[in-house]
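Here's the structure, in structure tokens; my notes come after.
Numbering (our numbering), first residue to last: -3 to 292.
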């Protein structure tokens, strides 16, 4: 029996064909995120991309990500934290019973303000399956970064930081865009200088202006300023975390972003291990198996 595992996000869609052990047989990726799908068009897009994989009898599909949002195929309400595989599996929504199902996201709350994730919870469960860890801190860098703590195989809670989006805004649409090169490669020394600068505890709104004045007085070349700004933002994010008792963090995401978090956490004396797309497929496989046990 094969599983079609799909991560359907806002701007892109990824899929993998898995065998019963979770091994990836084939993969595909398309710029067909939910924002590109016309109303009522999800079923047609799905069939156009995955009909061949779904053809063998008994094949089923499980979909994570924004396809389960209000703007997606069918809304799959959020599952409240703490939540593990069992809680999430109980909240799976069938699109075509026994054939296609949608996963819910997770919901947490801090000081009366809700926080949510869709898709990252799958990566966390996948990371647990791949590493054998059931407790710890999982960090998922991206446009909206997630910091999640797990205990006993369940996501106890999490917080979202708009670090990636703020970097894009500052580097492309603020006065800083005139003095830095947002596409310049990572300069590790400048990045770590930015991380260290946040230790002055004067806040991002002040420190970010330094990216302009360092250029104004020729203290830092244009090619390094984007790395410095990135360090300021990630350093500010780390400054809000309680890392004193954390010996290791699991990073899940693209190599470019996890590299930066590994550098910043390393400077704070925290060890890291890194996972990529394999965490998504492992998580979807684990959830499909959990759902299968519940219905068998």
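Glycine residues also receive a C-beta, built at the ideal position from the N, C-alpha and C atoms. In this text the structure is predicted, and so the values were computed from the model without any measurement.
Cut-off 7 Å between Cβ atoms - residues of its own chain near residue i, not counting five sequence neighbours on either side
{"i": "residue 20", "result": "12, 14 and 277"}
{"i": "residue 74", "result": "100, 101, 102, 103 and 112"}
{"i": "residue 16", "result": "-3"}
Boundaries of the alpha helix (DSSP H) in which residue i is found, first to last residue
{"i": "residue 26", "result": "Premise fails: residue 26 lies in the beta strand (DSSP E), 20 to 26, not in any alpha helix (DSSP H)."}
{"i": "residue 154", "result": "Careful: residue 154 lies outside any alpha helix (DSSP H), inside the beta strand (DSSP E) at 150 to 157."}
{"i": "residue 186", "result": "184 to 193"}
{"i": "residue 59", "result": "No alpha helix (DSSP H) contains residue 59, which is instead part of the beta strand (DSSP E) from 56 to 61."}
Assumed close pair residue i, residue j - CB separation to whole angstroms, cut-off 8 Å
{"i": "residue 98", "j": "residue 59", "result": "5 Å"}
{"i": "residue 135", "j": "residue 245", "result": "5 Å"}
{"i": "residue 232", "j": "residue 126", "result": "Not a contact, Cβ separation roughly 30 Å."}
{"i": "residue 160", "j": "residue 138", "result": "6 Å"}
{"i": "residue 242", "j": "residue 258", "result": "The pair is not a contact, with the Cβ atoms about 14 Å apart (cut-off 8 Å)."}
{"i": "residue 114", "j": "residue 65", "result": "6 Å"}
{"i": "residue 227", "j": "residue 189", "result": "6 Å"}
Residue interval of the beta strand (DSSP E) (run including residue i)
{"i": "residue 41", "result": "Not the beta strand (DSSP E): residue 41 falls in the alpha helix (DSSP H), residues 38 to 50."}
{"i": "residue 82", "result": "Segment 81 to 86 is the alpha helix (DSSP H) holding residue 82; no beta strand (DSSP E) there."}
{"i": "residue 249", "result": "It is not in any beta strand (DSSP E) - residue 249 carries neither H nor E in the DSSP assignment."}
{"i": "residue 134", "result": "132 to 136"}
{"i": "residue 266", "result": "First-last for residue 266: undefined, no H or E at that position."}
{"i": "residue 106", "result": "102 to 106"}
{"i": "residue 92", "result": "89 to 92"}
Exposure of residue i, with buried meaning 16 or more beta-carbon neighbours within 10 Å
{"i": "residue -3", "result": "exposed"}
{"i": "residue 23", "result": "exposed"}
{"i": "residue 249", "result": "buried"}
{"i": "residue 211", "result": "buried"}
{"i": "residue 203", "result": "buried"}
{"i": "residue 142", "result": "buried"}
{"i": "residue 31", "result": "exposed"}
{"i": "residue 205", "result": "exposed"}
{"i": "residue 0", "result": "buried"}
{"i": "residue 209", "result": "exposed"}
{"i": "residue 7", "result": "exposed"}
{"i": "residue 293", "result": "The chain is shown only over -3 to 292; residue 293 falls outside these bounds and no answer can be derived."}
{"i": "residue 131", "result": "exposed"}
{"i": "residue 145", "result": "buried"}
{"i": "residue 116", "result": "buried"}
{"i": "residue 223", "result": "buried"}
{"i": "residue 54", "result": "exposed"}
{"i": "residue 109", "result": "exposed"}
Other residues of its chain near residue i: CB distance less than 8 Å, five sequence neighbours each side excluded
{"i": "residue 105", "result": "111"}
{"i": "residue 81", "result": "121, 149, 282, 283 and 286"}
{"i": "residue 196", "result": "203"}
Own chain, CB closer than 6 Å to residue i, minus 5 neighbours either side, in chain order
{"i": "residue 90", "result": "97"}
{"i": "residue 140", "result": "156 and 158"}
{"i": "residue 341", "result": "This structure does not reach residue 341, given that the chain is present from -3 up to 292, and the question cannot be answered."}
{"i": "residue 253", "result": "137"}
Would the region 268 to 283 count as touching the region 58 to 72 if we require 3 or more Cβ pairs under 8 Å?
yes
Tell me whether the region 236 to 248 and the region 264 to 275 touch, counting them as touching only if at least three CB pairs, one residue from each stretch, are closer than 8 Å.
yes
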